[in-house]
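Here's the structure we're looking at; comments come further down.
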Ligand SMILES: NC(=O)c1ccc[n+]([C@@H]2O[C@H](COP(=O)([O-])OP(=O)(O)OC[C@H]3O[C@@H](n4cnc5c(N)ncnc54)[C@H](O)[C@@H]3O)[C@@H](O)[C@H]2O)c1
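Numbering (my numbering), first residue to last: 9 to 433.
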């Protein structure tokens with residue numbers, strides 16, 4: 009897979025949360041990387057060694073760019089020199105909650121115009137089983153080249169958890185499904201440059217479904233504890249105490265935590281790729297739908313908790329109350345606000361007549377909501393709602409200074425109920 013001069017060249021399409029760290033990993037391993045994105049601002053930032061992804065330190069990005077190992081472009085012609093091209097473009101849902109393969113289709117169409125003999129194309133975007141074979145391959149073959157004969161195709165899902173340092177690209181097994189055994193071999197050789205272990209499965213479809221299973225597993229289990237949290241609220245029990253107790257079992261139980269709802273680009277979206285595909289087989293994925301329903305209801309449940317806390321704790325109605333949301337990214341210690349339940353909560357609280365502000369050290373602005381992060385002055389609000397528990401925030405101070413706290417993350421811990429002014433999910 010090297011050129012005559014012995015240089016290994018990789019193209020990465022889509023320089024986002026998945027593509028940019030991957031591009032850096034290949035560059036640091038010694039490949040010549042060309043990253044492509046349709047967003048020219050991102051391309052300019054990469055060229056300037058300026059990182060916009062938290063998992064990619066600007067110093068390392070700048071070093072890779074300045075050493076000539078990592079370049080960025082908006083032009084698909086620049087990918088012809090690459091031996092392998094990895095596609096990491098978004099796979100969102102349409103407004104009707106159906107798979108939107110637009111970016112994958114656009115990429116494949118553009119690639120078909122520049123594809124050359126011997127290249128390997130790997131899709132990493134999360135998608136339903138069959139996408140690689142049924143959608144990617146026919147478009148790439150518009151090049152006049154045959155997949156599995158003239159060029160290689162594989163699917164390999166991205167599995168990394170953003171912001172996590174114990175499990176990274178390097179030490180998380182990379183699943184690979186090749187269109188042919190040779191395609192799988194080529195993809196294996198590619199990824200072994202940057203990961204310790206690779207697992208080859210029989211087909212791209214199997215690799216696509218394995219990734220969805222991982223995300224569906226999380227979505228269903230989070231829904232289970234979210235449902236339990238709602239029941240506990242009625243029964244006057246502390247769901248956190250119950251989860252802590254159950255989690256002492258060393259086998260047969262895996263800890264999942266309740267919260268204000270699912271967020272991020274993956275869990276609220278990916279399971280529905282499978283529901284959609286299943287209908288083609290007259291099959292209804294009921295666990296997925298039920299989990300989606302329970303999780304989507306959580307921001308509504310949380311609004312009602314805030315409302316009750318104001319009512320009983322302060323003798324205030326939601327209408328006219330000043331509510332500070334603490335943390336608006338979808339999970340702790342990241343800047344990503346995609347699908348964050350905090351955004352839904354802002355909307356619901358505003359609909360209920362509340363005056364909403366937020367504080368988030370990772371998210372300076374929410375332009376679509378016309379909000380900027382304010383200084384953390386808990387005493388200035390009728391209620392502080394802890395939506396995402398970033399580790400840099402002093403929750404003891406919040407609990408001391410705020411007149412009322414509603415804690416959806418158990419950030420205030422066991423002492424949360426002290427003085428009766430902290431309400432927990
Ligand atoms: N973010 C995660 O934690 C994560 C984890 C596992 C899997 N995934 C999956 O990986 C894929 C990418 O996710 P992401 O979070 O990196 O998305 P992202 O939005 O951060 O990045 C995608 C990039 O692709 C670019 N793009 C869009 N259309 C393009 C095209 N036609 N040609 C070239 N570039 C194009 C966008 O401008 C953007 O920069 C998705 O399928 C996602 O479900 C994401």
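Don't be surprised by glycine CBs; every beta carbon is placed ideally from N, CA and C.
Can you name the start and end residues of the alpha helix (DSSP H) that residue i belongs to?
| i | result |
| --- | --- |
| residue 113 | 110-120 |
| residue 85 | Where residue 85 is concerned, there is no enclosing alpha helix (DSSP H), given that its DSSP letter is neither H nor E. |
| residue 300 | 294-317 |
| residue 404 | 403-409 |
| residue 48 | 48-55 |
Along the chain, where does the beta strand (DSSP E) that runs through residue i open and close?
| i | result |
| --- | --- |
| residue 43 | 40-44 |
| residue 397 | Run containing residue 397: none; DSSP gives neither H nor E here. |
What is the DSSP secondary structure of residue i, reduced to helix, strand or coil?
| i | result |
| --- | --- |
| residue 186 | strand |
| residue 148 | helix |
| residue 357 | helix |
| residue 429 | coil |
| residue 16 | coil |
| residue 254 | helix |
| residue 9 | Only weak support is given to the placement of residue 9: the predicted model assigns it a pLDDT of 48, under 50, and the value that follows is read from those uncertain coordinates. Here residue 9 sits in coil by DSSP. |
| residue 363 | strand |
| residue 339 | coil |
| residue 28 | helix |
| residue 282 | helix |
| residue 123 | coil |
| residue 36 | helix |
| residue 324 | coil |
| residue 275 | coil |
| residue 388 | helix |
| residue 265 | coil |
| residue 5 | Nothing about residue 5 can be read from this structure; the chain reaches only from 9 to 433. |
| residue 166 | coil |
| residue 245 | coil |
| residue 420 | coil |
| residue 172 | coil |
| residue 64 | coil |
| residue 23 | coil |
| residue 139 | helix |
| residue 270 | coil |
So what does residue i bridge to, in DSSP terms?
| i | result |
| --- | --- |
| residue 107 | 101 |
| residue 380 | 373 |
| residue 334 | 367, 394 |
| residue 92 | 18, 128 |
| residue 159 | 155 |
| residue 414 | 393, 431 |
| residue 78 | 41 |
Give a yes or no on whether the C-beta atoms belonging to residue i and residue j are separated by under 9 Å.
| i | j | result |
| --- | --- | --- |
| residue 357 | residue 326 | yes |
| residue 205 | residue 185 | no |
| residue 389 | residue 313 | no |
| residue 132 | residue 94 | yes |
| residue 167 | residue 145 | no |
| residue 30 | residue 47 | no |
| residue 342 | residue 171 | yes |
| residue 17 | residue 91 | yes |
| residue 97 | residue 114 | yes |
| residue 310 | residue 414 | yes |
| residue 73 | residue 49 | no |
| residue 279 | residue 293 | yes |
| residue 164 | residue 215 | yes |
| residue 100 | residue 277 | yes |
| residue 217 | residue 264 | no |
| residue 230 | residue 282 | no |
| residue 418 | residue 429 | no |
| residue 64 | residue 109 | no |
| residue 397 | residue 334 | yes |
| residue 354 | residue 324 | no |
Give a yes or no on whether 9 Å exceeds the smallest Cβ distance from residue i to chain D.
| i | result |
| --- | --- |
| residue 48 | The structure shown contains no chain D; it holds only a single protein chain. |
What are the uninterrupted segments assigned as alpha helix (DSSP H) that are 4 or more residues long and contained completely in the region 175-243, given in chain order? Qualifying alpha helix (DSSP H) stretches, in chain order: 189-199, 212-243.
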